[in-house]
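Asker:
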Amino acid sequence: MNVFRLAGDLTHLLSLVVLLLKIVATKSCRGVSAKTQELYAIVFVTRYLDLLFSFVSLYNSVMKVVFLGSAFSIVYFMRYHKVVRHTYDRELDTFRSSFLVAGSMVLALLINSKYTFFEVLWTFSIYLEAVAILPQLVMLQRTGNIDNLTGNYVFLLGMYRGLYILNWIYRYSTERRYWQMIVWVSGIIQTALYADFFYYYLKCWNENRTLVIP
Amino acid sequence: QIRRGAHDEL
Chain A
1 MNVFRLAGDL THLLSLVVLL LKIVATKSCR GVSAKTQELY AIVFVTRYLD LLFSFVSLYN
61 SVMKVVFLGS AFSIVYFMRY HKVVRHTYDR ELDTFRSSFL VAGSMVLALL INSKYTFFEV
121 LWTFSIYLEA VAILPQLVML QRTGNIDNLT GNYVFLLGMY RGLYILNWIY RYSTERRYWQ
181 MIVWVSGIIQ TALYADFFYY YLKCWNENRT LVIP
Chain B
1 QIRRGAHDEL
């Protein structure tokens, strides 16, 4: 555990708190992509299957349970809550996320470090996480004025990915035999997807006006 | 069993 990894995890946690806060406090999920949230639920389930048979640390196990719980809570609110589900902009959330799932599965079957059931699913979760934000980014472009909490949620998610890159650089320079090419390449692609969003987020923040993605 | 690299990350 290093400071970048801890900061990354806490930023990830904070992003989920911000999103849940928006949904619960405003009773609205306007501008939030249910497809992205469902992809994250799939990511967490397939990655954290190791909760059942491997223990790394209490910290890891607790965080995994919290991430799983928050992902399913968000999907529950967006799809089933009697008030919130009516605020979901179905017609703006049209990204074909099934292609992302299928593509990630094919890639995980082709490129993985060990051809076992759990390792392939774990690799699939890494590939799927890299692209899971795409439906949300597309939806932001279509939404027009983006409320503060939704904008901050996506910003915090991007920050979390950036901090993980710093964590890898730190670990690579301090640990022996630390080499994770699949995770690194996926993570760099994932972070790069936020570049456009970051540009407009900081520009609008600087000009002190509501976030709009052209 | 020592787990490889990123399996100890979230």
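Sequence order for the protein chains is A and B.
Numbering-wise (our numbering), the first sequence opens with residue 1 and increments by one.
Numbering-wise (our numbering), the second sequence opens with residue 1 and increments by one.
Glycine is no exception: its CB is placed at the ideal position from the N, C-alpha and C atoms.
Only counting the same chain, and skipping five residues up and downstream in sequence, which positions put a Cβ closer than 6 angstroms to that of R142(A)?
Answerer: Answer for R142(A): L92, listed in chain order.
Asker: Could you tell me whether the segment 39-47 of chain A touches the segment 123-130 of chain A, where touching means 3 or more Cβ pairs closer than 8 angstroms?
Answerer: Contact holds: three or more Cβ-Cβ distances are below 8 angstroms.
Asker: Looking at F197(A) and V138(A), is the spacing between their C-beta atoms short of 8 angstroms?
Answerer: Taking 8 angstroms as the Cβ cut-off, V138(A) and F197(A) do not qualify as a contacting pair.
Asker: Roughly how far, in whole angstroms, is the beta-carbon of V84(A) from the beta-carbon of S28(A), given that I think they are within contact range, below 8 angstroms?
Answerer: 7 angstroms between Cβ atoms; contact.
Asker: Which first and last residues belong to the alpha helix (DSSP H) in which W184(A) is found?
Answerer: Where W184(A) is concerned, the enclosing alpha helix (DSSP H) stretches over M181 to A192.
Asker: Give the secondary structure of L10(B) by DSSP, where H, G and I count as helix, E and B as strand, and everything else as coil.
Answerer: If DSSP states are grouped into helix, strand and coil, L10(B) belongs with coil.
Asker: Are Y160(A) and S15(A) touching if we call contact CB-CB under 8 angstroms?
Answerer: Yes. Within cutoff.
Asker: Mind checking N208(A): buried by the 16 CB within 10 Å criterion, or exposed?
Answerer: So N208(A) counts as exposed.
Asker: According to DSSP, what are the bridge partners of L211(A)?
Answerer: Its beta-bridge partners are I146(A).
Asker: On a Cα-Cα basis, can you pick out the residue from I23(A), W179(A), R5(A) and E38(A) that is closest to V101(A)?
Answerer: Minimum Cα distance to V101(A) is reached at E38(A).
Asker: Please list the terminal residues of the continuous alpha helix (DSSP H) segment that includes V24(A).
Answerer: From DSSP, the alpha helix (DSSP H) with V24(A) extends over V3 to T26.
Asker: Between the Cα of M78(A) and the Cα atoms of L109(A), A34(A) and Y172(A), which residue gives the shortest distance?
Answerer: The shortest Cα separation from M78(A) among L109(A), A34(A) and Y172(A) belongs to A34(A).
Asker: If you measure from the beta carbon of K64(A) to each beta carbon in chain B, is any gap under 8 angstroms?
Answerer: For K64(A), the answer is yes, since a Cβ of chain B falls inside 8 angstroms of its Cβ.
Asker: Comparing the C-beta of R176(A) with each C-beta of chain B, is any distance below 8 angstroms?
Answerer: No, R176(A) lies away from the interface with chain B (no Cβ there is under 8 angstroms from its Cβ).
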